[in-house]
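>
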Amino acid sequence: MPAALPLVAGYAASSIFSGTILGSIAGIGATILTRELMSSDKSTPSASPLTLPPPPAFLSTMSASASVAIHPSPTQMSQQPITSHRIIYGETQVGGPLVYTRLRAPSGSNKRDILHLVQVLAAHEVQDITAIYFGNTDIKMDANGNPTVSPWKKGSTYYAKIYKHLGSPDQNADAVLVANSGGEWTNAHRLRGRAYLHAQLTWNAAAYPNGLPNISAKVKGRKIFD
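Residue numbers (this note's numbering): 23 to 248.
(1) My understanding is that I237 touches M99, with C-beta atoms under 8 Å, so please give their C-beta distance in whole angstroms.
(2) Measure the alpha-carbon distance for T97 versus S131 and round it to whole angstroms.
(3) Determine the burial state of A145: buried for a count of at least 16 other Cβ atoms within 10 Å of its Cβ, exposed for fewer.
(4) Counting Cβ pairs, one atom from each stretch, are 3 or more of them under 8 Å apart for the segment 164–184 and the segment 216–231?
(5) Alpha carbon to alpha carbon, how far is L143 from G112?
(6) Looking only at its chain, what residues have a beta carbon closer than 8 Å to the beta carbon of K162, apart from the 5 residues adjacent to it on each side?
(7) DSSP state of V121, grouped into three classes?
(8) When the Cα of E206 is compared with those of V116, L125 and I184, which residue comes out closest?
(9) Under a three-way DSSP split, which group does G51 fall into?
(10) So what's A165 in DSSP terms, helix, strand or just coil?
(11) Report buried or exposed for A86, applying the criterion of at least 16 other Cβ atoms within 10 angstroms of its Cβ.
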């Protein structure tokens, strides 16, 4: 059975405005707001809880990298069955909850070295996603979401690919995920009105020496009409 995290179908209230998180937001130069809302998008995959095998090595750090803290840092990738809708104004760096994962083998291999992650950045359409970070490193990428620098690129081989979705009301499902999810993610799973990343990571010791990286993005937030 493929390992998967079901898509978050509902969100609960959060005290994200307390203490250190509010302080970190103030220093960024943009405002992140959360509010209690229930998701109206019911086109979600039905999947088992996250149970990933030990190999490849970057998965052994997934619990530490993808925190289960109730109120993670705004730039942190997290595993949360219940979380708040995030609304972004201005431009800032954010992480977000993982709502789906799948581990698979490349074609012609029985080694499940490819990890697919779907990470929601905002509960609305955004203007742009301008940069991708693995930890504190800005991963330079081409227009197709392929890294342009080592160790994530070696010749014509890419050990990371990022597919950006801005959350338009009519956005289509991620075609790469549809083709590689074994039927779990279909054309009906469009995440309309949700800005998100689909990260496809291929195990490589040089690219992931410390295990699974914390993935975040610089986002130009909600469209504002004057």
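We put the beta carbon where it would ideally sit given N, CA and C, even for glycine.
Model, not experiment: these values are computed from the prediction.
Let me lay it out:
(1) Beta-carbon to beta-carbon, I237 and M99 are separated by about 5 Å, close enough to satisfy the 8 Å threshold.
(2) In a straight line, the C-alpha of T97 is about 35 Å away from that of S131.
(3) With 16 or more Cβ atoms within 10 Å of its Cβ, A145 is classed as buried.
(4) Because the criterion of three Cβ pairs below 8 Å is met, the segment 164–184 and the segment 216–231 touch.
(5) Approximately 14 Å, taken between the alpha carbons.
(6) Excluding residues up to 5 positions away in sequence, P169, T170 and V171 lie with their Cβ nearer than 8 Å to the Cβ of K162 in the same chain.
(7) When secondary structure is reduced to three states using DSSP, V121 falls in the strand class.
(8) Answer by Cα proximity: L125.
(9) Any reading at G51 needs caution, since the residue's pLDDT is 31, under 50, leaving its predicted position unreliable; the model's value is listed next. Of the three classes helix, strand and coil, the one that applies to G51 here is coil, per DSSP.
(10) Looking at A165 - three-state DSSP - the assignment turns out to be coil, as it is neither helix nor strand.
(11) For A86, the predicted structure reports a pLDDT of 42, less than 50, and the residue's modelled location is therefore unreliable. A value from the coordinates is still provided. Under this definition A86 is an exposed residue.
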